[in-house]
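**Q** Handing you this structure, nothing more for now.
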Amino acid sequence: MRNRSAFIGRLLAVILAFAGSAAISPQGMAADPAIRVGMIPDAGATQVSIEQKAPLRDHLAKATGLNVELIIPTNYNATVEALGNGSLDFAYLGGLTYVIAHEKYGVVPMVQRESDLQFHSLFITQTGSSIKSLADLKGKNFAYGDIVSTSGHLMPYAALTKAGIDSDKDMKSRYTGSHPATAKAVESGTVDAGAMDESVYQAMIADGSLDKSRVRVFYTTPPFLDYVWVARKDVSAAARQKFEAAFLALQKGRDDKVLEILRGTKFIRANDALYNDLRKIAKELKLF
Amino acid sequence: MNAALALIAGFFPPDLGLSYLGAAVGPVLQTMGMAMGGMLIAIVVGLPLAMIIGSRVRGARVLYGALTGIRAVPDLTLAILCVVVFGLGPAAGMLALAIFYTAMVGKVFADLFMAADPRPIEALYATGASRISVSIFGLVPLAVKDLLSLGCYSLECAVRAAVIVGAVGGGGLGTELVGTLNGFQFHRAATIIIILILLVGSIDSLSWILRRAPKFVFMLLPLGLVSLWVYRPQFFAFGHAVSTIGAMFPPQLPSSAVGEIPRLIGETILIAAGGTAFAVVAAIPLGICSARNIVPNGVASAVRLALETLRAVPEVVWGLILVTVVGVGPVAGVFALAIHTAGVLGKLYAESFENVECDAVHAIEATGAGKLATVLFAIIPLGSGAAAINTLFRFEWNLRAATVVGMIGAGGIGQALYNAQQLFFYNQMMAYVLITWGIVLFAEWLSTLTRRRYGWMSAI
Chain A
4 MRNRSAFIGR LLAVILAFAG SAAISPQGMA ADPAIRVGMI PDAGATQVSI
54 EQKAPLRDHL AKATGLNVEL IIPTNYNATV EALGNGSLDF AYLGGLTYVI
104 AHEKYGVVPM VQRESDLQFH SLFITQTGSS IKSLADLKGK NFAYGDIVST
154 SGHLMPYAAL TKAGIDSDKD MKSRYTGSHP ATAKAVESGT VDAGAMDESV
204 YQAMIADGSL DKSRVRVFYT TPPFLDYVWV ARKDVSAAAR QKFEAAFLAL
254 QKGRDDKVLE ILRGTKFIRA NDALYNDLRK IAKELKLF
Chain B
18 MNAALALIAG FFPPDLGLSY LGAAVGPVLQ TMGMAMGGML IAIVVGLPLA
68 MIIGSRVRGA RVLYGALTGI RAVPDLTLAI LCVVVFGLGP AAGMLALAIF
118 YTAMVGKVFA DLFMAADPRP IEALYATGAS RISVSIFGLV PLAVKDLLSL
168 GCYSLECAVR AAVIVGAVGG GGLGTELVGT LNGFQFHRAA TIIIILILLV
218 GSIDSLSWIL RRAPKFVFML LPLGLVSLWV YRPQFFAFGH AVSTIGAMFP
268 PQLPSSAVGE IPRLIGETIL IAAGGTAFAV VAAIPLGICS ARNIVPNGVA
318 SAVRLALETL RAVPEVVWGL ILVTVVGVGP VAGVFALAIH TAGVLGKLYA
368 ESFENVECDA VHAIEATGAG KLATVLFAII PLGSGAAAIN TLFRFEWNLR
418 AATVVGMIGA GGIGQALYNA QQLFFYNQMM AYVLITWGIV LFAEWLSTLT
468 RRRYGWMSAI
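Protein chains in written order, with the numbering used here: chain A, 4 to 291; chain B, 18 to 477.
Next up, the structure:
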């Protein structure tokens, strides 16, 4: 008898767990989204949970009058391939991913943050470390972000090359896969130094997830062009304009919730020709 | 040590606020849906394949080799391929799981059928029965309980895999988990981990029920069908798929990368071996302390809960959590694998000890041996054969997992594969996939050889 009730108890629990999921499943998906928007994992929105991404989605839906589905894969590669095969209409890409996606699939640049024109990578180390300049990095353990990240790999790598350091031979370099992971690896001292996106660094210092008494910046790269919002090649000009307008209309003071997710203050139109420098560097370093 | 404690403390208290739990419902459904839909395909396709292999027809060996081959492709890479073909979204994740678990179900069930008693099958053939009826009336009934518990085990693995694989397609618990970890919202990551533990626990219960009442397995069918329908691919990019996959051939590596291969292979094997070794060291005491025939029920339950926690969190996620304590590199990979594997092996060891035949134990007890002596001289030695097979299987598994933790900078072939993929150097990526394939095939061959040498039966 006891066995029987144990059996029924477990059965009920399992039915709840499984039937519950299947029964509500259809509501878990957005109904026929008109536009699908993707963001590379570098972007601000991946660093907050789904609940906190809602303001961005709502803003885009309201401004364009379209049903928006926001998709954030954990992978740069999947984002670009999805633009290539048409399963994403718009996406937020980093400088290097943009250059690759433009060449491979002809994606159209639309808008970017004003700060993306003058973007910097930061080289950081522990407060008490003896590292003062790029030259001190020889023989040290070093953390990059993702290999295809502009501010987490390409530009810091280029800066090191310019300073006469061969990152592959003179240092022990690893890829952490993300800016926050790089920051934490440096903070905890598990690597001697690392390079990361300045806007992620500032956001982490501001919200306390990085302890400013334990890390310091010892080198800032020259400015470069970074993140950009793009449209798939075949998206209509009308849809593109609506989408661009949604970003250009963002105002500090009024749309702070959305701007905070995007880690920016003002959006401007993007221009492909400005990426030529980045293309050249990426080609030289054989990352493109 | 302080860093480790601070890290653990950061997860408490979990965010159990209604608003967050509400926001997590969607991702939970998506992950479960992907796993259930993927498993339905895997069973519908994999079971007949296993029966073909099990009925020992000609060509079965080739099929078996092909299944092993598919399992050698890291599931993350499969997910990318599915995104290329089916677009971004849960469908890609579900189909990646379907392919991976078709191969797993096919191989594991085939092993099971081949280990089954051959006499009833020969008898059926002797009656003039066709191959199909031999399979259906001979093979399946022989192994129904094992099929069910292995099926449930595969479903559990699929749920965990759906977390990581699904995230590639941009959905489910994985996006949420990776997002909260990257944002250092550990309170919320803790919530997701608790949800995962509950999901894995409910599958354990399911397995318990099905072993007693197999007919309830049909209860899962409608759920699988609904999931399949909801997450069906709504998109199919044939031209894009042909050109992208075409770009992967011929597999090619620049000469500078060729020289690195031995070091990378060494690193991968070290990560897998190190992860398994540490796991064994931890799992032996944990397994003993959770075997109900060795320790009191209360202690066993408490330890089991701890094991479940270790097991519910996928290797890569442990890696993401550990980056602040052990940094990036092979050491992080070793610990990521070790923690998850300790959870898996601890549970399997406990089961091996609990399944020890009573006669032998009673015989020792009858000599007047105390509890400690019984445990030391009967339960542990008798259970260690099964424990050894599980360890061997887990080492093979970890060779594959070692390539997946490459994603978080653990190094080895996996990291090289991931980097080539991220930079769209697809012919290099394919070269690394083939190398991984070689490593896994070699390990399987070695493991089969060892099992035969010692006369161990096949295990999960």
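Beta carbons: idealized from backbone N, C-alpha and C, even for Gly.
Under 8 Å: do the stretch 45-64 of chain B and the stretch 117-134 of chain B share three or more Cβ pairs, one atom per stretch?
**A** Touching, per the Cβ criterion.
**Q** If we call anything under 7 Å between Cβ atoms a contact, is A108 (chain B) one with P239 (chain B)?
**A** Their beta carbons are not under 7 Å apart, which means A108 (chain B) does not touch P239 (chain B) by this criterion.
**Q** Return the chain-ordered list of same chain residues with a C-beta closer than 7 Å to the C-beta of A308 (chain B), the five sequence neighbours on each side being excluded.
**A** Here the set comprises A317, A367, F370 and E371.
**Q** Would you say G346 (chain B) reaches chain A, if we count a Cβ-Cβ gap shorter than 7 Å as a contact?
**A** With 7 Å as the cut-off, G346 (chain B) counts as an interface residue toward chain A.
**Q** Can you tell me the Cα-Cα spacing of A448 (chain B) and V275 (chain B), whole angstroms?
**A** Cα to Cα, the separation comes out at about 10 Å.
**Q** Less than 6 Å between C-beta atoms, sequence neighbours within five positions excluded: which residues of the same chain meet that for T192 (chain B)?
**A** Excluding sequence neighbours, T192 (chain B) sits near A184.
**Q** Please decide whether S191 (chain A) counts as near chain B, where near means a Cβ-Cβ distance under 7 Å.
**A** Yes, its Cβ sits closer than 7 Å to a Cβ of chain B.
**Q** Would you call the stretch 214-226 of chain B in contact with the stretch 318-334 of chain B, where contact means no fewer than 3 C-beta pairs closer than 8 Å?
**A** Cβ pair count under 8 Å is three or more, so yes.
**Q** Where does K364 (chain B) land, buried or exposed, given buried means 16+ other C-beta within 10 angstroms?
**A** Label assigned to K364 (chain B): buried.
**Q** Beta carbons nearer than 8 Å to chain B: which residues of the stretch 81-114 of chain A have them?
**A** From the stretch 81-114 of chain A, only A81, T82, V83, E84, A85, G87, N88, G89, S90, L91, I103 and K107 have a Cβ closer than 8 Å to chain B.
**Q** Residues of the stretch 332-343 of chain B in Cβ contact with chain A at a cutoff of 8 Å, in chain order, please.
**A** Result list: L337, V340, T341, V342 and V343.
**Q** So what's V194 (chain A) in DSSP terms, helix, strand or just coil?
**A** If DSSP states are grouped into helix, strand and coil, V194 (chain A) belongs with coil.
**Q** In whole angstroms, what separates the C-alpha of G34 (chain B) from that of L172 (chain B)?
**A** For G34 (chain B) and L172 (chain B), the distance between alpha carbons rounds to 29 Å.
**Q** Closer than 7 Å by beta-carbon distance: list the chain B residues that pair up with I150 (chain A), in chain order.
**A** Near I150 (chain A) (Cβ distances below 7 Å), the residues of chain B are N436, Q439 and L440.
**Q** Are the stretch 184-200 of chain A and the stretch 340-347 of chain B touching by the rule of at least three beta carbon pairs closer than 8 Å?
**A** Contact between the stretch 184-200 of chain A and the stretch 340-347 of chain B is present, because at least three Cβ pairs lie under 8 Å.
**Q** Kindly list, in the order they appear in chain A, the residues whose Cβ is closer than 8 Å to that of M424 (chain B).
**A** Correct list: G180.
**Q** Do the CB positions of G292 (chain B) and L324 (chain B) come within less than 7 Å of each other?
**A** No, they are not a contact pair.
**Q** What did DSSP end up calling S136 (chain A) once you bin it into helix, strand or coil?
**A** Correct three-state label for S136 (chain A): coil.
**Q** Just to confirm before moving on: does the CB-CB distance between Y101 (chain A) and M42 (chain A) stay below 7 Å?
**A** Result no, Cβ atoms of Y101 (chain A) and M42 (chain A) do not sit closer than 7 Å.
**Q** Under the rule that 16 or more other beta-carbon atoms within 10 Å means buried, what is V259 (chain B), buried or exposed?
**A** V259 (chain B) is exposed by the Cβ-count criterion.
**Q** Check the Cβ of T77 (chain A) against every Cβ in chain B and list those closer than 7 Å, keeping chain order.
**A** By Cβ distance, chain B contributes A184, V185, G191, T192 and V195.
**Q** Please report how far the alpha carbon of F292 (chain A) lies from the alpha carbon of D139 (chain A), in whole angstroms.
**A** What the structure shows of chain A is the stretch from 4 to 291, and residue 292 (chain A) is not part of that stretch, so it cannot be assessed.
**Q** Put D200 (chain A) into one of helix, strand or coil per three-state DSSP.
**A** In the structure shown, D200 (chain A) sits in a strand (DSSP, three-state: E or B).
**Q** Determine, for V275 (chain B), whether the minimum Cβ-Cβ distance to residues of chain A falls below 7 Å.
**A** By this cut-off, V275 (chain B) is not an interface position.
**Q** Compare the C-beta of H257 (chain B) with all C-beta atoms of chain A and state if any pair is closer than 7 Å.
**A** Chain A, which has a Cβ nearer than 7 Å to the Cβ of H257 (chain B), makes this yes.
**Q** Taking one C-beta from the stretch 83-90 of chain B and one from the stretch 128-143 of chain B each time, how about it: are there three or more such pairs within less than 8 Å?
**A** No contact exists between the stretch 83-90 of chain B and the stretch 128-143 of chain B.
**Q** Hey, could you find the ends of the beta strand (DSSP E) F93 (chain A) is sitting in?
**A** From DSSP, the beta strand (DSSP E) with F93 (chain A) extends over F93 to L96.
**Q** Return the CA-CA distance between V90 (chain B) and L129 (chain B), expressed in angstroms with no decimal places.
**A** Taking the straight line joining both Cα atoms gives about 23 Å.
**Q** Report yes or no: is there a C-beta of chain B within less than 7 Å of the C-beta of T49 (chain A)?
**A** Residue placement at T49 (chain A) is flagged as unreliable, the pLDDT there being 46, under the threshold of 50; the coordinate-derived value follows with that caveat. Yes, because at least one Cβ of chain B sits closer than 7 Å to the Cβ of T49 (chain A).
**Q** Rounded to whole angstroms, what is the Cα-Cα separation between L141 (chain B) and D92 (chain A)?
**A** Going from the Cα of L141 (chain B) to the Cα of D92 (chain A) covers about 58 Å.
**Q** Under 8 Å, CB to CB, which of the residues in the stretch 261-273 of chain B have a partner in chain A?
**A** Cβ contacts with chain A: T261.
**Q** Thinking C-alpha only, which one of B:L337, B:S222, B:H379 and B:L194 is nearest T179 (chain A)?
**A** T179 (chain A) has its Cα closest to that of B:L337, out of B:L337, B:S222, B:H379 and B:L194.
**Q** Please name the residue in B:G315, B:I430 and B:A127 whose C-alpha comes closest to that of P279 (chain B).
**A** With distances taken between Cα atoms, P279 (chain B) lies closest to B:I430.
**Q** Give the residues of chain B in contact with F10 (chain A), contact being defined as C-beta atoms less than 8 Å apart.
**A** I226, R229 and A230, listed in chain order.
**Q** Name the residue from A:L157, A:S191, A:D195 and A:K165 whose alpha carbon lies nearest to the alpha carbon of M174 (chain A).
**A** Of the listed residues, the one whose Cα sits closest to M174 (chain A) is A:D195.
**Q** Can you list, in chain order, the residues of its chain whose CB lies under 7 Å from that of A26 (chain A), leaving out five sequence neighbours each side?
**A** Unreliable positioning characterises A26 (chain A) in this predicted model, as indicated by a pLDDT of 49, which lies under 50. The coordinate reading is nonetheless provided below. Cβ neighbours of A26 (chain A) beyond the five flanking positions: none.
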